Amino acid sequence: MALSPLVLPGDPIPPGALPTSSNPSIPLKLGPGLRHIPPDRIVPVVAGELCIDHKKNAVWVETNGGRYIPTAGDLILATVHHSTSDSFSCSISPHTPFASLPHLAFAGVTRKTRPQLNPGSLVYARIALANKHMDPEIECVNPATGKSDGMGELKGGMLFDVSLGMSRRLMMPNPSAQGSMVILDEIAEKVPFEMAVGRNGRVWVDAEGVAKTLVVGRAIQETDEGNLGVDEQRKVAKRLLRDL
Amino acid sequence: MPREPELSLNERSFVLQALQENIRIDGRSFDAFRGLELNFGDEYGVADVKLGKTRVIARISAEVTRPFPDRLFDGIFTITTELSPIASPAFEVGRQTDQEVILSRILEKAIRRSSALDTESLCIIAGQKCWNIRADVHLLDYDGGLTDASCIAVIAALQHFRRPDVSVEGENVTIHAMEERVPVPLSLLHHPICVTFSFFLGGGIVLVDATLQEEMLRNGELTIALNRHGEICQIAKLGGVAVEALTFLNCTNIALVKAQEISRFISKKLEEDLKEKNPSRLLVELSAENER
Chain A
4 MALSPLVLPG
14 DPIPPGALPT
24 SSNPSIPLKL
34 GPGLRHIPPD
44 RIVPVVAGEL
54 CIDHKKNAVW
64 VETNGGRYIP
74 TAGDLILATV
84 HHSTSDSFSC
94 SISPHTPFAS
104 LPHLAFAGVT
114 RKTRPQLNPG
124 SLVYARIALA
134 NKHMDPEIEC
144 VNPATGKSDG
154 MGELKGGMLF
164 DVSLGMSRRL
174 MMPNPSAQGS
184 MVILDEIAEK
194 VPFEMAVGRN
204 GRVWVDAEGV
214 AKTLVVGRAI
224 QETDEGNLGV
234 DEQRKVAKRL
244 LRDL
Chain B
1223 MPREPELSLN
1233 ERSFVLQALQ
1243 ENIRIDGRSF
1253 DAFRGLELNF
1263 GDEYGVADVK
1273 LGKTRVIARI
1283 SAEVTRPFPD
1293 RLFDGIFTIT
1303 TELSPIASPA
1313 FEVGRQTDQE
1323 VILSRILEKA
1333 IRRSSALDTE
1343 SLCIIAGQKC
1353 WNIRADVHLL
1363 DYDGGLTDAS
1373 CIAVIAALQH
1383 FRRPDVSVEG
1393 ENVTIHAMEE
1403 RVPVPLSLLH
1413 HPICVTFSFF
1423 LGGGIVLVDA
1433 TLQEEMLRNG
1443 ELTIALNRHG
1453 EICQIAKLGG
1463 VAVEALTFLN
1473 CTNIALVKAQ
1483 EISRFISKKL
1493 EEDLKEKNPS
1503 RLLVELSAEN
1513 ER
């Protein structure tokens, strides 16, 4: 993986650093942290790593910090706060307004078989709608297929808070290769576990027993807090598994 | 619309299950404090305490005022606390929550009413002039253990603080600039430390220095303020689950050990700071203060 350049807010981005797409019909896409100042200036608004996807002709700034802002399509872990006549009000983070989760936005649910979720239940959901000045709307079903796609209520297990950058790293298709996040592979060899990563900086982990669940959670949190490299992650994994 | 973070049912049952299996979520033993860090500012009387992820800054300031008419021979000492939204989304500006009131009451009882600071030494001219010592406590990050961290911060800051020297000739009072005369430390009679215990599962499990997550689940709490000689200044048990007398006694014993450890830690840090700020020990040589 080539080292991506670091940018600071206001830095000029040289035209050479922008992605070069083989297909000129795809327009250039600006992701989070970049702003277009017409006619042709592109300026970063946060400090971070400039990331480029040549295939999608996209460019964005990867930064670790800040609060979660709901964005349509993100998978998140939300807590049910209360239920109204036709939806659940769910808390995504203490800073965001309650998101509404319609009773009918679950897989295989009809008006007669509504899900019963108590306050405090944990759901894995996708943000369906997120507009400025409006409460976000979330769903636990893929509207195209009507299947759950792994979303829904999560039972048992434990929730761990991580930084937003870490949750993005964990959600990469291949975290160990793309995000140099090898600690989970190391632990998975000895401890089987299940996990769900939410974009809102929450990770749900379930393994057999309290101690094993905690090993996984601590491994992620320690890697996140210490910003550990590959070798350090292996050391932490070894230590945690030895203490088990 | 910020609000208090809430625990999901999964977290609640997991944390309680872990406690039943003698495991804490952060891997500490039941009677262990989190990592304590203490730094002093460039000025006198600024202490920055980090207890795990909780961070508190205490600042001491002094000014000359008129003493209270009913206490002509005493100086004034006040402690103010401020919980601002910078620390947690649960705190709002301008609205005093119960938590803030309880915190300032406990600090007040532990430090001011136990006469840790000798207010008589703050008197300059009886009935006319005295020092007003003010301790401001600012919470910067909140992950439980607020009382303990604030108490450590205030006590450390009080020990670190130096007030300008004063000379009195008849009715004339001269306050000497810090450069002119060696500033004077406050006269502290003892150094109380708060240790908070949290009770879980009907009082069967006792934790020291609970994190925010554990605080949200506890059935009761007990704050003991005592100094390193084992003199208890206050015991605050504000409601919650009933606790057996034996557990109570056990808590005081643990609190004594913790208070001694923390007092030692503070004096070590103070010594380091003194060495760093005046390596030649010039100020110590120049000072005319007698050790109490």
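Top line first, the protein sequences correspond to chains A and B.
Quick note: my numbering has the first sequence finishing at residue 247, numbered continuously throughout.
Quick note: my numbering has the second sequence finishing at residue 1514, numbered continuously throughout.
The beta-carbon is built from N, C-alpha and C at its ideal position, and this holds for glycine as well.
Remember, it's a predicted structure, so these values are computed and weren't measured experimentally.
{"Asked": "Using 7 angstroms as the limit for Cβ to Cβ distance, is A/Pro178 near chain B?", "Found": "no"}
{"Asked": "A/Met137: buried (16+ other C-beta within 10 angstroms of its C-beta) or exposed?", "Found": "exposed"}
{"Asked": "Since A/His136 meets chain B, which of its residues come closer than 7 angstroms, beta carbon to beta carbon?", "Found": "What A/His136 touches in chain B: nothing, since even the nearest Cβ is about 13 angstroms away."}
{"Asked": "Which runs of the beta strand (DSSP E), 3 residues or longer, sit entirely within the region 1436-1509 of chain B?", "Found": "1442-1448, 1454-1458"}
{"Asked": "Would you tell me roughly how many angstroms separate the C-alpha atoms of B/Met1438 and B/Val1463, rounded to the nearest one?", "Found": "14 angstroms"}
{"Asked": "Would you tell me roughly how many angstroms separate the C-alpha atoms of B/Gln1435 and B/Leu1368, rounded to the nearest one?", "Found": "13 angstroms"}
{"Asked": "Which residue comes first and which comes last in the beta strand (DSSP E) that contains B/Asp1363?", "Found": "1351-1363"}
{"Asked": "Any residues in the region 1296-1327 of chain B with a beta carbon nearer than 7 angstroms to a beta carbon of chain A? Which ones, in chain order?", "Found": "Pro1311"}
{"Asked": "According to DSSP, is A/Glu211 helix, strand or coil?", "Found": "coil"}
{"Asked": "With 16 other CB atoms within 10 Å as the buried threshold, where does A/Ile79 fall?", "Found": "buried"}
{"Asked": "Got a sec? Which residues, its chain only, sit under 6 angstroms from B/Lys1459 by beta carbon, not counting five neighbours each side?", "Found": "Leu1444"}
{"Asked": "Would you report the Cα separation of B/Asp1547 and A/Gln224, rounded to the nearest angstrom?", "Found": "No answer is possible for residue 1547 of chain B: it lies beyond the span of chain B, which begins at 1223 and ends at 1514."}
{"Asked": "Would B/Glu1243 pass as an interface residue toward chain A - the criterion being a Cβ-Cβ separation below 7 angstroms?", "Found": "yes"}
{"Asked": "Mapping the DSSP letters down to three states, classify A/Met4 as helix, strand or coil.", "Found": "Any reading at A/Met4 must be qualified, since the residue scores a pLDDT of 43, below 50, and its modelled position is unreliable; no value is offered."}
{"Asked": "Excluding the five sequence neighbours on either side, which residues of its own chain have a C-beta within less than 7 angstroms of the C-beta of A/Asp56, listed in chain order?", "Found": "Pro22"}
{"Asked": "Relative to the alpha-carbon of A/Ala131, which residue among A/Ala147, A/Ala222, A/Pro122 has its alpha-carbon at the smallest distance?", "Found": "A/Ala147"}
{"Asked": "Suppose contacts are defined by Cβ-Cβ distances below 7 angstroms. Is A/Asn67 in contact with A/Gly182 by that definition?", "Found": "no"}
{"Asked": "Quick check: what's the CA-CA separation for A/Met4 versus A/Val218?", "Found": "Confidence is the limiting factor: at A/Met4 the pLDDT is only 43, short of 50, which leaves the residue's position unreliable, though a coordinate-based value still follows. Rounded to the nearest angstrom, the two C-alpha atoms are 29 angstroms apart."}
{"Asked": "How many Å lie between A/Arg215 and B/Gly1426 at the Cα?", "Found": "As written in the sequence, residue 215 of chain A is Lys, which differs from the Arg given in the question. Rounded to whole angstroms, A/Lys215 to B/Gly1426 spans 25 angstroms at the Cα level."}
{"Asked": "When DSSP labels each residue in this structure, what does B/Ile1333 get in the three-state scheme?", "Found": "helix"}
{"Asked": "Determine the closest residue to A/His106 out of A/Pro47, A/Asp77, A/Pro97, A/Arg117, with distance taken between C-alpha atoms.", "Found": "A/Arg117"}
{"Asked": "Between B/Pro1307, B/Ile1279, B/Ile1324, B/Glu1494, which lies nearest to B/Ala1379 when the distance is taken from Cα to Cα?", "Found": "B/Ile1279"}
{"Asked": "Starting from the beta carbon of A/Met154, find every residue of chain B whose beta carbon is closer than 7 angstroms, and list them in chain order.", "Found": "Within 7 angstroms Cβ-Cβ: nothing; A/Met154 doesn't reach chain B, min ~16 angstroms."}
{"Asked": "Which residue comes first and which comes last in the beta strand (DSSP E) that contains B/Cys1373?", "Found": "Segment 1368-1382 is the alpha helix (DSSP H) holding B/Cys1373; no beta strand (DSSP E) there."}
{"Asked": "Which of the residues in the region 91-106 of chain A, read from start to end, lie with their CB under 7 angstroms from any CB of chain B?", "Found": "Ser94, Pro97, His98, Pro100"}
{"Asked": "Distance, Cα to Cα, A/Tyr127 vs B/Pro1414?", "Found": "47 angstroms"}
{"Asked": "If you draw a straight line from the alpha carbon of B/Leu1260 to that of B/Lys1497, how long is it in whole angstroms?", "Found": "15 angstroms"}
{"Asked": "Excluding the five sequence neighbours on either side, which residues of its own chain have a C-beta within less than 6 angstroms of the C-beta of B/Leu1241, listed in chain order?", "Found": "Phe1422, Ile1427"}
{"Asked": "List the endpoints of the continuous beta strand (DSSP E) containing A/Ser94.", "Found": "90-94"}
{"Asked": "Determine the closest residue to A/Ile40 out of A/Ser28, A/Asn26, A/Gly19, A/Gly13, with distance taken between C-alpha atoms.", "Found": "A/Gly13"}
{"Asked": "Which stretch, first to last residue, makes up the beta strand (DSSP E) that contains A/Asp164?", "Found": "161-164"}
{"Asked": "Measuring alpha carbon to alpha carbon, tell me which of B/Pro1407, B/His1382, B/Val1404, B/Ser1485 ends up nearest B/Phe1262.", "Found": "B/His1382"}
{"Asked": "B/Leu1231 CB to nearest chain A CB: under 7 angstroms?", "Found": "yes"}
{"Asked": "Could you check the C-alpha separation between B/Asn1232 and A/Gly155 for me, to the nearest Å?", "Found": "14 angstroms"}
{"Asked": "Please determine, among A/Ser28, A/Pro176, A/Asp246, A/Phe163, the residue with the shortest C-alpha to C-alpha distance to A/Gly204.", "Found": "A/Phe163"}
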